[in-house]
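Enquirer: If you read the sequences in order, they're chains X and F.
FYI, in the UniProt record's numbering the residues of the first sequence are 1 to 316.
FYI, in the UniProt record's numbering the residues of the second sequence are 1 to 484.
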Amino acid sequence: MPTFLHYLFAGRHVRPVTMYHILHGKRTFSNLYAAFINDLLPFWGLLPHLSRPRYEEMIDYLVHQKLLTEAPDETLTAPPAALPAWWPTHVAGLTMPAYREIGDILTLAVQLISQVQHQERHFAPITPHLLIQQRVKGWYEQAAKTDLPGTIAEFKSLVTAMPELAGTVLVNRLVGAETDVASWQDLAAHLGFEPFQVQLVWIDALAQLYQAIAGGQAARWQGLLPPPTPAVTRSAQATMQLLADQSVDQTAQQRQLAASTIREHILEAAMLGPAVIHEQPGWRLPPAKADPVVDFFRGRLAAIARQRQSGGVRLE
Amino acid sequence: MSDDLHAALRQHFGFSEFRPGQEDVIRALLQGRNCLAVLPTGQGKSLTYQLPTLLTKQLTVVVSPLIALMIDQVKHLQEANLGAAVALNSELTWDEQQSVLNRLDKWRYLFAAPETLTRPDVVAALQHHGVGLLVVDEAHCISEWGPDFRPAFLQLGHVLQLLQPQRVLALTATASPRVRRDICRRLGLTAANTTVVSRSVDRPNIWLDTCPVTSEKEKDTLLPKLLAAIPGRVIIYFNRKQRANEVAIALTAQGIAVGRYHSGLERDERRSLQHQFREGYIRVVCATNAFGMGIDQPNVRAVIHMAPPTSLEDYLQAIGRAGRDGAPAAAITLLAPGDIPQLQQDAVRGFPPASLIRAYFHRPAQFAKDETPEIALLKRYRAFADASAVTQLLAATQQTRQTSAAQMVHFYTAPDTICRRQLVLNAFDPEPRQVHHTADCCAVTTPTALLQHLTTLAWPADAALRVHRPEPVQSVAVRLAQLF
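1) Taking only beta carbons into account, state which residues of the stretch 95-119 of chain X come closer than 8 Å to chain F, listed in chain order.
2) Mark residue 81 (chain F) as exposed unless 16 or more other C-beta atoms lie within 10 angstroms of its C-beta, in which case mark it buried.
3) Mind listing which residues of the stretch 134-158 of chain X have their C-beta closer than 7 Å to chain F's C-betas, in chain order?
4) Please compile the residues from chain X whose C-beta is within a distance smaller than 8 Å of the C-beta of residue 87 (chain F).
5) Once DSSP output is grouped into helix, strand and coil, what is the label at residue 19 (chain X)?
6) Using the Cβ count rule (16 or more neighbours within 10 Å means buried), how would you classify residue 201 (chain F)?
7) Quick check: the stretch 9-16 of chain F against the stretch 42-60 of chain F, are at least 3 beta-carbon pairs closer than 8 Å?
8) Grouping DSSP H, G and I as helix and E and B as strand, with all else coil, what is residue 24 (chain X)?
9) Would you say residue 24 (chain X) reaches chain F, if we count a Cβ-Cβ gap shorter than 9 Å as a contact?
10) Of all Cβ atoms in chain F, is any one closer than 9 Å to the Cβ of residue 251 (chain X)?
11) Counting along the chain, where does the alpha helix (DSSP H) carrying residue 272 (chain F) start and finish?
12) So residue 155 (chain F) and residue 384 (chain F) are in contact, right, with Cβ under 8 Å, and what is the actual spacing, rounded?
13) At least one CB of chain X closer than 9 Å to the CB of residue 484 (chain F): is that the case?
14) Checking the sheet assignment: what are the DSSP bridge partners for residue 212 (chain F)?
15) From the DSSP secondary-structure annotation, give me the bridge partner or partners of residue 63 (chain F).
16) Is the beta carbon of residue 80 (chain X) within less than 8 Å of some heavy atom of the ligand GTP?
17) Could you please tell me which residues of the stretch 162-190 of chain F, in chain order, have their CB closer than 9 Å to any CB of chain X?
18) Roughly how far, in whole angstroms, is the beta-carbon of residue 195 (chain F) from the beta-carbon of residue 331 (chain F), given that I think they are within contact range, below 8 Å?
19) Let me see if you follow: with CB-CB separation under 9 Å, is residue 75 (chain F) close to chain X or not?
20) Three-state secondary structure (DSSP) at residue 259 (chain F)?
21) Determine whether the Cβ of residue 271 (chain F) lies closer than 9 Å to any Cβ atom of chain X.
22) Is residue 230 (chain F) closer than 9 Å to residue 378 (chain F) when the C-beta atoms are compared?
23) For chain X, is any of its Cβ atoms less than 9 Å away from the one on residue 65 (chain F)?
24) Out of curiosity, what's the CA-to-CA distance linking residue 177 (chain F) and residue 183 (chain F)?
25) Cβ of residue 375 (chain F) less than 9 Å from any chain X Cβ?
26) Cβ of residue 179 (chain X) less than 9 Å from any chain F Cβ?
27) Just checking, does the stretch 187-194 of chain X make contact with the stretch 155-163 of chain X on the three C-beta pairs under 8 Å criterion?
28) In chain X, what lies closer than 7 Å to residue 96 (chain F) by C-beta?
29) Grab me the residues of residue 212 (chain X)'s own chain with a C-beta within less than 6 Å of its C-beta, minus the 5 sequence neighbours each way, in chain order.
30) Excluding the 5 residues flanking residue 486 (chain F) on each side, which residues of the same chain have their C-beta closer than 6 Å to its C-beta?
31) Indicate the three-state DSSP secondary structure (helix, strand or coil) for residue 114 (chain X) in the structure shown.
32) Assuming contact is defined by CB atoms lying nearer than 9 Å, are residue 62 (chain F) and residue 135 (chain F) in contact in what I supplied?
33) Chain X partners of residue 480 (chain F), CB-CB under 7 Å?
34) Between which two residues does the beta strand (DSSP E) containing residue 37 (chain F) stretch?
35) Whose C-alpha, out of F:129, F:206, F:94 and F:314, is nearest the C-alpha of residue 106 (chain F)?
36) Measuring only the C-alpha atoms, how far is residue 277 (chain X) from residue 242 (chain X)?
Structure follows, in structure tokens:
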């Protein structure tokens with residue numbers, strides 16, 4: 001884990017507490033902006049169970065080892081470094097349901113099909129989550145039961161198309177009739193990784209599988225997993241719709257929100273929405289240098305546009 | 001009724017006979033009486049509430065102290081198809097918990113920790129639906145005179161008054177006479193409405209051995225020899241997770257099929273380990289005391305303690321996992337010179353002094369970020385009592401821990417001529433029988449004598465395991481073929 005953190009900070013300037021919130025997925029505007037501007041959005045919510053004391057312990061270690069250095073603005077940084085041999089490339093925290101939820105759903109679906117295939121009618125579901133049990137049961141009745149061989153074939157096709165490392169970790173973390181999960185330690189020993197790295201491989205493999213299914217590569221499995229979540233919140237979307245025809249102040253009045261909140265919605269849509277956003281005359285913002293707060297907003301909006309046009313961020 | 005009961009036993013569980021005490025408990029419950037059942041480990045305590053539930057078709061609420069224990073029990077009920085079961089705990093989201101409470105008619109068994117059961121929404125839902133049977137599992141946790149005391153159990157008496165279940169069953173494997181009285185008092189079980197079913201804690205097929213060694217290193221050297229001398233499954237208990245890991249790695253390197261079990265395991269890993277142990281792919285489990293509750297493996301041939309447990313209750317619970325099939329089994333403790341002082345130190349560790357209790361209760365907000373064990377303990381107690389009551393409770397608990405540790409120390413250090421089995425029976429049986437001590441009863445041995453004695457035990461013929469553990473990690477193709 002310290003190695004992973006070191007690479008996350010390499011070439012970036014992020015306050016340690018902000019990095020923790022990004023990995024935890026604590027959604028505030030400032031955390032989102034820090035993640036966006038540092039190209040950390042893919043890692044959003046990657047480690048929701050990471051405890052703060054453990055994180056701080058690792059940060060202290062990295063600082064003590066002089067692998068991270070503290071800048072005067074209290075951010076931490078490290079010299080840019082080439083990425084290690086394996087690095088997550090499919091994770092997309094903001095637009096995916098929680099990895100643990102996807103993992104639980106997928107594992108239970110495979111367990112159910114496996115038990116049915118082995119004629120075991122009574123078994124204990126691997127997850128205690130009742131909503132997940134209901135979802136999987138509903139999916140099985142509607143989509144899988146009528147064509148079990150086809151459902152299995154689609155799954156096999158998806159997994160065998162994955163890189164060997166991702167496929168190996170993914171299938172060995174599944175359970176079924178007479179099939180036990182391989183522990184993180186066993187997988188780590190087998191692959192020559194640290195257990196934490198194996199967990200990252202698993203998360204990235206889940207993300208890859210999720211994206212393949214959401215992209216229509218396995219029609220029978222599409223109804224199993226929750227749909228992608230829009231990165232832009234509904235509230236920000238509503239704001240952007242209104243701003244197509246009216247000013248920031250009118251929108252704030254109509255929505256009974258502060259103008260600053262409306263401006264944050266614009267920045268959120270600019271960061272996470274489908275298109276690059278520039279200031280529009282219809283927003284009727286005060287002229288430059290008339291209001292330093294609005295100028296600050298303009299600066300951020302321009303920085304976001306530059307970052308997106310440079311191709312650094314891809315969300316939808 | 002006896003014939004009906006036996007028919008139900010056969011139909012639902014496939015057994016032709018009850019184990020000692022089971023039928024008495026079930027009969028009392030079906031007659032509408034409450035019951036305190038003190039049955040030794042391995043005597044099928046769970047069946048005493050499962051069968052009445054199946055017969056009465058009413059909701060049974062089981063109060064259980066550990067999430068892992070609840071999960072094991074729910075899993076067992078699901079696999080055995082004994083009725084819909086759910087554990088209402090923090091593993092479920094709030095929405096999921098509400099869906100359970102809104103549709104209690106869907107469930108036959110509801111497991112909950114005492115902390116959950118005291119929640120107003122839970123109480124209201126159960127009051128509305130009605131409770132047929134309320135089971136307090138591991139009921140000794142209700143008594144501050146027991147070493148596993150949990151403050152939330154103190155609330156159960158009040159909850160029982162609110163819920164008015166038709167019957168109450170208090171279950172425990174080990175309870176001294178004082179703890180039994182405490183259980184009855186706190187749950188409002190009176191002689192007029194309660195049947196007490198009690199069986200001796202004695203497990204005569206388990207040979208009890210204490211083996212003093214000179215060092216931890218000697219334990220490590222001796223352990224593989226013991227495993228070679230004991231055919232079949234063995235559970236090895238440690239008091240530190242790291243030590244369990246180290247020994248497991250060393251044994252694996254010697255070609256022994258070993259699994260590791262501790263509280264840090266994930267849900268599916270725990271399930272896998274239990275399955276592999278059951279199927280014989282794993283012969284030895286290196287575990288902390290998190291392993292065992294809910295484990296019902298009949299043919300464990302030995303339990304080895306690499307460090308002494310903290311109380312005689314814990315010792316009995318642990319060794320009770322051996323020899324459930326009635327065939328000869330061994331309970332061995334390897335005792336190094338540092339073990340007894342460590343046990344005594346552990347008994348006093350983690351208790352806050354009175355001054356800290358007062359300071360905490362005076363300004364709890366000041367300790368919000370304090371994560372020391374002492375403050376963590378006080379945070380748990382604060383929900384149930386004020387500073388004065390907590391001071392008294394903790395003093396009683398600390399005294400109990402120290403007494404328990406002293407009892408354990410006496411068990412290990414008493415003169416060799418003292419029968420260890422008699423010590424156990426004297427501690428827990430209200431009317432202990434006089435043990436006829438023989439070589440097959442118990443002993444304090446040297447390592448050489450221990451190894452020699454193990455060769456004389458009449459191990460069952462099928463004890464040796466021949467099944468090879470499959471590779472834990474497989475290729476994608478092999479794994480997919482196995483799954484489907």
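By construction, the Cβ of each residue, glycine as well, lies at the ideal position given by its N, Cα and C atoms.
Expert: Straight from the coordinates:
1) Within the stretch 95-119 of chain X, the residues whose Cβ lies closer than 8 Å to some Cβ of chain F are 107, 110, 113, 114 and 117, listed in chain order.
2) Locating residue 81 (chain F) in the second sequence gives position 81, where the first residue counts as 1. Exposed, by the Cβ-count rule.
3) Here the close residues are 152 and 156.
4) What you label residue 87 (chain F) is simply residue 87 of the second sequence in a count that begins at 1. Under the 8 Å cutoff, chain X gives 128.
5) Counted from its first residue, the first sequence places residue 19 (chain X) at position 19. Residue 19 (chain X) falls in the helix class under three-state DSSP.
6) Sequence index remark: in the second sequence, residue 201 (chain F) carries index 201 (1-based). Burial call: buried.
7) The stretch 42-60 of chain F is in contact with the stretch 9-16 of chain F.
8) Translated into positions along the first sequence, residue 24 (chain X) becomes position 24. Secondary structure of residue 24 (chain X) (DSSP, three-state): helix.
9) By 1-based counting over the first sequence, the position of residue 24 (chain X) is 24. No - not a single Cβ of chain F is within 9 Å of the one on residue 24 (chain X).
10) As a first step, residue 251 (chain X) is located in the first sequence; it is residue number 251 there, counting from the start. It does not; no Cβ of chain F falls within 9 Å.
11) Counting from one through the second sequence, the residue named residue 272 (chain F) turns up at place 272. Residue 272 (chain F) -> alpha helix (DSSP H) spans 267-279.
12) By 1-based counting over the second sequence, the position of residue 155 (chain F) is 155. By 1-based counting over the second sequence, the position of residue 384 (chain F) is 384. Yes, residue 155 (chain F) and residue 384 (chain F) are in contact; Cβ-Cβ is about 6 Å, under 8 Å.
13) What you label residue 484 (chain F) is simply residue 484 of the second sequence in a count that begins at 1. Yes - at least one Cβ of chain X is within 9 Å of the one on residue 484 (chain F).
14) On the second sequence, residue 212 (chain F) is found 212 positions in, with the first residue counted as 1. In the DSSP assignment, residue 212 (chain F) forms a beta bridge with F:335.
15) Looking up residue 63 (chain F) in the second sequence gives position 63. In the DSSP assignment, residue 63 (chain F) is bridged to F:112 and F:136.
16) Among the components of this structure there are no ligands whatsoever, and the ligand GTP is therefore not found.
17) Answer in chain order: no residues at all.
18) Walking along the second sequence from the start, residue 195 (chain F) turns up at place 195. Walking along the second sequence from the start, residue 331 (chain F) turns up at place 331. Their Cβ separation, rounded to whole angstroms, is 31 Å, which puts residue 195 (chain F) and residue 331 (chain F) out of contact at 8 Å.
19) Looking up residue 75 (chain F) in the second sequence gives position 75. For residue 75 (chain F), the closest Cβ of chain X is nearer than 9 Å.
20) Position 259 of the second sequence, counted from the start, is the residue given in the question as residue 259 (chain F). Looking at residue 259 (chain F) - three-state DSSP - the assignment turns out to be strand.
21) Position 271 of the second sequence, counted from the start, is the residue given in the question as residue 271 (chain F). Yes, residue 271 (chain F) lies at the interface with chain X (some Cβ there is under 9 Å from its Cβ).
22) Stepping through the second sequence from its first residue, residue 378 (chain F) is reached at position 378. Stepping through the second sequence from its first residue, residue 230 (chain F) is reached at position 230. Contact flag unset, no.
23) For the purposes of this step, residue 65 (chain F) is taken as residue 65 along the second sequence, with counting starting at 1. It does not: the Cβ of residue 65 (chain F) has no partner Cβ on chain X nearer than 9 Å.
24) Against the second sequence, residue 177 (chain F) aligns to sequence position 177. Against the second sequence, residue 183 (chain F) aligns to sequence position 183. Going by C-alpha positions, residue 177 (chain F) is about 10 Å away from residue 183 (chain F).
25) Here residue 375 (chain F) is taken as the residue at index 375 of the second sequence, counted from 1. Output row for residue 375 (chain F): interface = no.
26) Counting from one through the first sequence, the residue named residue 179 (chain X) turns up at place 179. Yes, residue 179 (chain X) lies at the interface with chain F (some Cβ there is under 9 Å from its Cβ).
27) The answer is no - the stretch 155-163 of chain X does not touch the stretch 187-194 of chain X, with fewer than three Cβ pairs under 8 Å.
28) Counted from its first residue, the second sequence places residue 96 (chain F) at position 96. In chain order: 129, 130 and 131.
29) As a working mapping, residue 212 (chain X) is identified with position 212 in the first sequence. Closer than 6 Å at the Cβ level, and outside the excluded window around residue 212 (chain X), lie 158.
30) Absent from the model: residue 486 (chain F). The displayed extent of chain F is 1 to 484, so no value can be given.
31) Along the first sequence, one-based indexing puts residue 114 (chain X) at 114. For residue 114 (chain X), the secondary structure class from DSSP, reduced to helix, strand or coil, is helix.
32) Here the question's residue 62 (chain F) lines up with position 62 in the second sequence. Here the question's residue 135 (chain F) lines up with position 135 in the second sequence. Taking 9 Å as the Cβ cut-off, residue 62 (chain F) and residue 135 (chain F) qualify as a contacting pair.
33) Counting from one through the second sequence, the residue named residue 480 (chain F) turns up at place 480. For residue 480 (chain F), the chain X residues whose C-beta falls within less than 7 Å of its own C-beta are 156, 159 and 171, listed in chain order.
34) For this step, residue 37 (chain F) is matched to residue 37 along the second sequence. In the DSSP assignment, residue 37 (chain F) falls within the beta strand (DSSP E) that extends over 34-38.
35) For the purposes of this step, residue 106 (chain F) is taken as the residue at position 106 of the second sequence. Per the Cα distances, F:129.
36) In the first sequence, counting from the first residue as 1, residue 277 (chain X) sits at position 277. In the first sequence, counting from the first residue as 1, residue 242 (chain X) sits at position 242. Going from the Cα of residue 277 (chain X) to the Cα of residue 242 (chain X) covers about 15 Å.
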